[in-house]
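Undergrad: Each residue of the sequence shown is one higher than the one before, counting from 152 in the working numbering. Heads up, the beta-carbon is just placed ideally off N, CA and C, and yes, glycines get one too. Computed from a predicted structure; not experimentally measured.
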Amino acid sequence: MADTSRRPDPAPTFHSEPRGGGAALAGLLVETRSVMPAAGATGLSLVLVIAAMCFLASLALGAALSVNHVARDWTSDLSGALTVQIKPSTATTPEEQIDAVMMLLDKTPGILSAKVLSRSDTEAMLEPWLGAGNVTEDLPLPRLVDIRIDAAAPPDLEALATDIAAAAPGTTLDTHRQWRTELHRAARAATLLAYGILVAVAATTIAIVTFATRAGLSANREVVEVLHLIGARDKFIAAEVQRHFLHLGFRGGLIGLALSVATFLALNFTGGGSGLFMVPISGLQPAHYPVLATVPFAAATVAVMTARITVMRSLERML
Numbered sequence: 152m153a154d155t156s157r158r159p160d161p162a163p164t165f166h167s168e169p170r171g172g173g174a175a176l177a178g179l180l181v182e183t184r185s186v187m188p189a190a191g192a193t194g195l196s197l198v199l200v201i202a203a204m205c206f207l208a209s210l211a212l213g214a215a216l217s218v219n220h221v222a223r224d225w226t227s228d229l230s231g232a233l234t235v236q237i238k239p240s241t242a243t244t245p246e247e248q249i250d251a252v253m254m255l256l257d258k259t260p261g262i263l264s265a266k267v268l269s270r271s272d273t274e275a276m277l278e279p280w281l282g283a284g285n286v287t288e289d290l291p292l293p294r295l296v297d298i299r300i301d302a303a304a305p306p307d308l309e310a311l312a313t314d315i316a317a318a319a320p321g322t323t324l325d326t327h328r329q330w331r332t333e334l335h336r337a338a339r340a341a342t343l344l345a346y347g348i349l350v351a352v353a354a355t356t357i358a359i360v361t362f363a364t365r366a367g368l369s370a371n372r373e374v375v376e377v378l379h380l381i382g383a384r385d386k387f388i389a390a391e392v393q394r395h396f397l398h399l400g401f402r403g404g405l406i407g408l409a410l411s412v413a414t415f416l417a418l419n420f421t422g423g424g425s426g427l428f429m430v431p432i433s434g435l436q437p438a439h440y441p442v443l444a445t446v447p448f449a450a451a452t453v454a455v456m457t458a459r460i461t462v463m464r465s466l467e468r469m470l
C-alpha cells in the first residue's frame, strides 16, 4: 500500500531565482518576503521620509545644474562682447564722438561688429531698475556702442581702451570683466550651497535609516533569535534587511524624483523662477534630467549601506 501521508512543504526561502536586468529593476518596486516587516518605522512612513529627502536632494542638484548652465551662457556672451560708453562732453558733440569711435573700431582687427544703440534701447535696459516710464526725456543718458569681438583672435583691450579715450574725449571701454567676476562668484556660491544641501540631506537620510533599522531589529528580536537557532548567520539576516531597505530607498527615491521633475517642468512652463545670488534658477535643460535620474539609485545605495552597517553592529550587541 502506497504511502499517502502528506510530506511537509519545504521551508520558504527569502531569495528569489536569478532574473534578467528588466525583471530585477521591476523587482525593486515590488518587495518580496523579508525579515523586516513592511510596517512601523521601516514601512510606509520611512518611504515618505526618504521621498521628502530625495525631493530636496533633487531640487538642490537641479538648482546647481541650472545655475552652472546659466552662468556658462552668460559668461560666454560677456566674453565675446564689449561696450563703449559715450558720455556728453563740452569739447565735442555726441555725433562727433560716435563717428570717431566707429572709425577707430572699423580699423581695429578682431572686431566683428559694432552697433550704436538708440536712446530707446538704453531706456529699455534701465527700466528694470528705474521702472517703466520713469526714464524722462531730460535725463542725460550716455550713448552706448555694442561691440562683438572675435574670441579666437581678440583685440588688445588695454590698447583699444586707450585709443578710444584719445579718439573721443568722454568715452570709456567696458570689458565686462567685473561682471564676469561677480557672475563666477555668484555661481560658485550657489553651487556650493546646493552641494551643502545635498550633504545635509544625505547625512539626515543616514541618521533616519540607522534609527529605523535599530527600531526594526529591536521590535523583531524574537524573529532574529529564531533565525539564529535554525542556523542563520548574521550575514544572511543583514542581507535580508538590506533587501528590505533597497526597496524602501528606491521607491522613496522615485517618488522624490517625480515630484522634483514636476517642479522643474512647472518652472519651464511658467518661464523660470526667481533669482538666486543674481543668477536665475529656471527649469532644467533636457540633458540635465538623466543626472537627476541617478537620485533614486543613490538613495537606495545609501539606505542599503547604512542598513548593513547598522544591522551588523546591532546583531553583535544583541547576541
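(1) Check whether the Cβ atoms of residue 295 and residue 236 lie closer than 8 Å to each other.
(2) At the level of alpha carbons, what is the spacing between residue 260 and residue 219?
(3) Would you identify the three-state DSSP class for residue 339, choosing helix, strand or coil?
(4) Taking DSSP as the reference, what is the three-state secondary structure of residue 234?
(5) Here's the rule I'm using: 16 or more other beta-carbon atoms within 10 Å means buried, otherwise exposed. How should residue 209 be labelled?
(6) According to DSSP, residue 267 sits in a beta bridge with which residue or residues?
(7) What do you get for residue 380, buried or exposed, if any count of 16 or more other CB atoms within 10 angstroms of its CB means buried?
(8) Going by DSSP in three states, residue 250 sits in which element: helix, strand or coil?
(9) Output needed for residue 360: all residues of its chain with C-beta closer than 7 Å, excluding positions within five of it in sequence on either side, in chain order.
(10) Check for me: the alpha helix (DSSP H) holding residue 416 runs from which residue to which?
(11) Using 8 Å as the threshold, is the C-beta distance between residue 403 and residue 201 below it?
(12) Taking just the CA atoms, how far does residue 265 sit from residue 253?
(13) Tell me the residue span of the beta strand (DSSP E) that contains residue 290.
(14) In or out: residue 393 buried (at least 16 other Cβ within 10 Å) or exposed?
(15) Would you mind working out which of 351, 245, 338, 297 sits nearest residue 326, comparing C-alpha positions?
(16) Considering just the uninterrupted stretch of the beta strand (DSSP E) at residue 324, what are its terminal residues?
(17) Out of 221, 204, 198, 302, which one is the CA nearest neighbour of residue 231?
(18) At the level of alpha carbons, what is the spacing between residue 203 and residue 216?
TA: Walking through what the data contain:
(1) yes
(2) 32 Å
(3) helix
(4) strand
(5) buried
(6) 296
(7) exposed
(8) helix
(9) 396, 454, 457, 458
(10) 385-421
(11) yes
(12) 7 Å
(13) From DSSP, residue 290 is part of no beta strand (DSSP E); its letter is neither H nor E.
(14) buried
(15) 297
(16) 322-325
(17) 302
(18) 20 Å
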